Amino acid sequence: MDTFERVIGEELAPYLRTVGFLRHGQTWNRRTEGVVQVISVQRSMNNTELDSRFTINVGVTPDTRPANTRLAEHECRSRLRIGFLRAERQDHWYRYRPRDPASVRRAVAEARADVEAYVMPYLSQKPGDFSPLLLQAT
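Those letters in the sequence shown? Residues 1177 to 1314, by our numbering.
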């Protein structure tokens, strides 16, 4: 397990667990009010040993599958990245230096704060307030 994965496990995962999400690798699912909510950590394909980045993906979809089914964000009907919930409303990536644990911790702490400030209020909407696509059950 690299530093990034360890810090995600120490900083982000416990918070998401306290608000009802179950972890499956770098993806968390929560079932509520007829929908499945998904939060996932996506690392950049261009990461290097000196400079890396990640983003947070968010998804919501009707809860039409068996209770123990794990869903990935890309399987959701309504999907977006955390940057579109932030004030700038554009893609946002958290940068860190993989060999610098303090840098990793700062990036993950910023992402966790953004999850609390932007993602959780977004996910607190009533299911009918999400994209109209959610109203069409699969």
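Where a beta carbon is used, it is the ideal one built from N, C-alpha and C, also for glycine.
Small disclaimer: the values here were computed from a predicted structure and weren't measured.
When the Cα atoms are used, T1240 and E1251 turn out to be separated by approximately 12 Å. Within the stretch 1181-1212, the runs of beta strand (DSSP E) at least 3 residues long that lie entirely inside it are, in chain order, 1198-1200, 1203-1208.
The C-alpha of V1211 is placed about 10 Å away from the C-alpha of R1253.
Scanning Y1294, Y1298, A1283, D1290 for the CA closest to the CA of V1183 turns up A1283. Note on R1193: under 16 other CB atoms within 10 angstroms of its CB, so exposed under the neighbour-count rule.
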